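K.L.:
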Amino acid sequence: MNMPMLNLSEAADGDSLSYALVRVPKSCILVIEDIDHYQFDEGLPDKKDENMAYKKNSSLSVSDILSAIDGIACLKESIIFMICNDMDSIPPALIRTGRIDVKLHMGYLDDYQAKLIFGNPFYPTLVKTVDELIQRMRDEAHTVSLERDVPLEISPAELISYFLFHALKFKLSTQSQHLDLCRQSILDHISDLINSVAMDRKQAIEHAKKKATMLQKPQVYAESHSSAQDLNHTRTVDAKIPTPPTSPAADKMAASDADVDVDK
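Under full-length UniProt numbering, think of the first position of the sequence shown as 1, with each following residue one higher.
1. Pairs of beta-carbons, one from the segment 154-164 and one from the segment 185-201, closer than 8 Å: are there three or more?
2. In this structure, how does DSSP classify Tyr162 when only helix, strand and coil are distinguished?
3. Are the segment 144-154 and the segment 104-117 touching by the rule of at least three beta carbon pairs closer than 8 Å?
4. Could you name each continuous alpha helix (DSSP H) segment of 4 residues or more that falls completely within the segment 171-210, going from the start of the chain to the end?
5. His142: buried (16+ other C-beta within 10 angstroms of its C-beta) or exposed?
6. How far does the beta strand (DSSP E) with Val130 in it reach, from first residue to last?
7. Which same chain residues, not among the five before or five after Asn2, have their C-beta less than 6 Å away from its C-beta?
8. Based on Cα-Cα distance, which residue from Val150, Gly119, Asp110 lies nearest to Gln135?
9. Got a sec, what are the start and stop residues for the alpha helix (DSSP H) Ile69 sits in?
10. How big is the Cα-Cα spacing for Phe118 and Asp131?
11. Quick check: the segment 11-18 against the segment 89-99, are at least 3 beta-carbon pairs closer than 8 Å?
12. If I follow the unbroken beta strand (DSSP E) through Leu21, where does it start and stop?
13. Out of Asp70, Asp88, Tyr108, which one is the CA nearest neighbour of Gly98?
14. Would Leu133 pass as a contact of Leu187 if the rule is Cβ separation under 9 Å?
15. Would Ala68 be called buried (16 or more neighbouring beta carbons within 10 Å of its own) or exposed?
16. Between Gly14, Val22, Val31, which lies nearest to Asn7 when the distance is taken from Cα to Cα?
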């Protein structure tokens, strides 16, 4: 089965998107990645929102996407996957029931997933190790989380990578002695796994802070620049205010006073 990938940033408008979908083969699985990273034109007035500055600008409107998916050129006998990190930022019309039939949340690891990951592709005979592994991971994660002030949750991908690393150390051997060594190695290096995850979470937090700072800089600069312009304008206006001229009567009075002083 074909599985094409659709990049919405390459679609200049609705016509180009429809043309791209027409070229997609029938009976395929179409994947639209990071759909929440696009800022669609929903027909609303433009608003200055610095928090949306990281999103990819797109000339596509919501109606363009809907027409391409549900219109005459819609994909028949195909499955469409939309991948996102923040469902709240997606226009509701794109993901309403009937258009998106199934919504799956792929969050952090739970006990059931851990047992499936450990038992199926790796060593089913060591599935009993999972209970001890989960408890040790929780204890270690709790300790490290308090020490580093970082929230810690393990993702399925991180656990798969951890299992695979230790399984490959013993070349996926099924010999009993190798199984025991692999089991012990997995349990002995839990602290390494948790510390590695903690470093990743810390880096993600620092990156988010840096991004937030960068998004705020243009606004701060604009405000300070505007204030400086207002101040310069005020100073310029003040400098242009002329000194009121002295009246002729006042000049004569000043002259007579000067004459009196000289005579004295």
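For every residue, glycine included, the Cβ atom is placed at its ideal position computed from N, Cα and C.
Source: prediction; values computed, not measured.
P.N.:
By the coordinates alone:
1. Yes, since at least three Cβ pairs between the segment 154-164 and the segment 185-201 fall closer than 8 Å, the two stretches touch.
2. Shown here, Tyr162 sits in a helix according to DSSP, grouped into three states.
3. A contact exists between the segment 144-154 and the segment 104-117.
4. 176-188
5. exposed
6. Looking at the DSSP string, Val130 is not in any beta strand (DSSP E); the run it does join, the alpha helix (DSSP H), is 129-148.
7. Pro25, Cys28
8. Of Val150, Gly119, Asp110, the smallest CA-CA separation from Gln135 is found for Asp110.
9. 62-70 is the extent of the alpha helix (DSSP H) around Ile69.
10. 11 Å
11. no
12. Looking at the DSSP string, Leu21 is not in any beta strand (DSSP E); the run it does join, the alpha helix (DSSP H), is 14-22.
13. Taking Gly98 as reference, the option from Asp70, Asp88, Tyr108 with the minimal CA-CA separation is Asp70.
14. yes
15. buried
16. Val31
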